[in-house]
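Data first, discussion second: the structure below is written as structure tokens.
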Amino acid sequence: MQRYGLVPLFILLLGSLSGCASISQEECLLGDWYQIGLSDGQNGRSNRAADYSKDCSEYQVKMDLKSYNKGRSEGLKTYCSYDNGVSLGQSNQRYSNVCPADLSSEFLSGYRPYKNLASAQYEVRKSQNNIDYYQGQLMSETISENARKNATANLNSAKMKLETDEAKVRKFQQELEIHKIQRERSQILAELSDKDISNSRREQLNKRLSALNTQEAVSDGVSTVESAIQGIKKIADMF
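Sequence positions in the sequence shown follow the numbering used here and run 1026 to 1264.
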């Protein structure tokens, strides 16, 4: 008897999964479409108007598309900021291309350099974990000869990948450093263009600008040396 009772339960579970609504009945009836759109925009969600319209129609409720889009556009102004791009990039989060053209440039200028570095650092951790795993296998007293050969080959591959990953980290660290310099310099130049700033402030900004130019030259030099080292390593690996 219990065997037959499992069938309707299984069907019920499938129905509950397939019928998962994008919005609750309460939200449909409340109809605060500006706030719903605002929340979607602030959280970087794609436009869900079609899903909301379909789900709310089951409750004989028609969504206010104009208010929703207005709220979402306003919310995207927060999500698509430079600072939020930095935050998402640092945490290695995926970006779903939701920012409109007039906001995406500023967002991506913060997102890309930090995301590149965070992704490279994640790959380093993965490679190091693989190395630890294969080294652990080789320390086993019960490992077979064939398994030892495979673990040794995998360990060597993992070590080579770690070298590549660490080189990428250094590359993206340098790129991020240059990005910070260039962004601060653009902000300083914008402030210097204001004719009403005081002479003392102007002098302070020019000193900082000079220091940034020196710092950028040093970073460029480090990047050139790193590229040369990687080139030599690639040539050496060919022999």
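Glycine residues also receive a C-beta, built at the ideal position from the N, C-alpha and C atoms.
Owing to the predicted nature of the structure, the values given are computational and were not obtained by experimental measurement.
Between the beta-carbon of G1135 and the beta-carbon of G1100, is there less than 8 Å?
Against a cut-off of 8 Å, the Cβ pair of G1100 and G1135 comes out as no contact.
Roughly how many whole angstroms lie between the Cα atoms of A1236 and P1138?
Roughly 22 Å separates the two Cα atoms.
What does the alpha-carbon distance come out to for the pair Y1147 and D1190?
Cα to Cα, the separation comes out at about 9 Å.
Taking its Cβ as the centre, do 16 or more other Cβ atoms sit within 10 Å of S1041, making it buried, or is it exposed?
Note that S1041 has pLDDT 43, beneath the 50 cutoff, so the model's placement of it is unreliable and the number below is only indicative. Classification for S1041: exposed.
Need the endpoints of the alpha helix (DSSP H) that Y1136 sits in, please.
From DSSP, the alpha helix (DSSP H) with Y1136 extends over A1126 to L1163.
Look at the alpha carbon of V1149 and the alpha carbon of L1187, and state the distance between them as a whole number of angstroms.
So the alpha carbons of these two residues sit roughly 6 Å apart.
What's the call for A1145, buried or exposed, on a 16-neighbour Cβ count within 10 Å?
Buried.
For E1083, name the three-state secondary structure that DSSP assigns.
Three-state DSSP puts E1083 in coil, outside helix and strand.
According to DSSP, simplified to helix, strand and coil, what is P1033?
Interpretation of P1033 is limited by its pLDDT of 46, a score under 50 that renders its predicted location unreliable; no figure is taken from the coordinates.
Is it the case that the Cβ atoms of A1143 and N1122 are separated by a distance below 8 Å?
Result no, Cβ atoms of A1143 and N1122 do not sit closer than 8 Å.
Between which two residues does the alpha helix (DSSP H) holding C1053 run?
Q1050 to L1055 is the span of the alpha helix (DSSP H), which, as asked, contains C1053.
Starting from the Cα of S1244, find the closest Cα among M1185, L1201, S1112 and R1226 and give me that residue.
With distances taken between Cα atoms, S1244 lies closest to L1201.
Which residues bound the alpha helix (DSSP H) around G1110?
G1110 -> alpha helix (DSSP H) spans Y1107 to Q1115.
Start and end of the alpha helix (DSSP H) containing D1065?
W1058 to Q1067 is the extent of the alpha helix (DSSP H) around D1065.
Could you tell me how far apart the beta carbons of S1047 and Y1093 are, in whole angstroms, since I believe they sit closer than 8 Å?
12 Å between Cβ atoms; not a contact.
Using DSSP with H/G/I as helix, E/B as strand and the rest coil, what is V1194?
Looking at V1194 - three-state DSSP - the assignment turns out to be helix.
Please state whether DSSP places Q1207 in a helix, a strand or coil.
Q1207 falls in the helix class under three-state DSSP.
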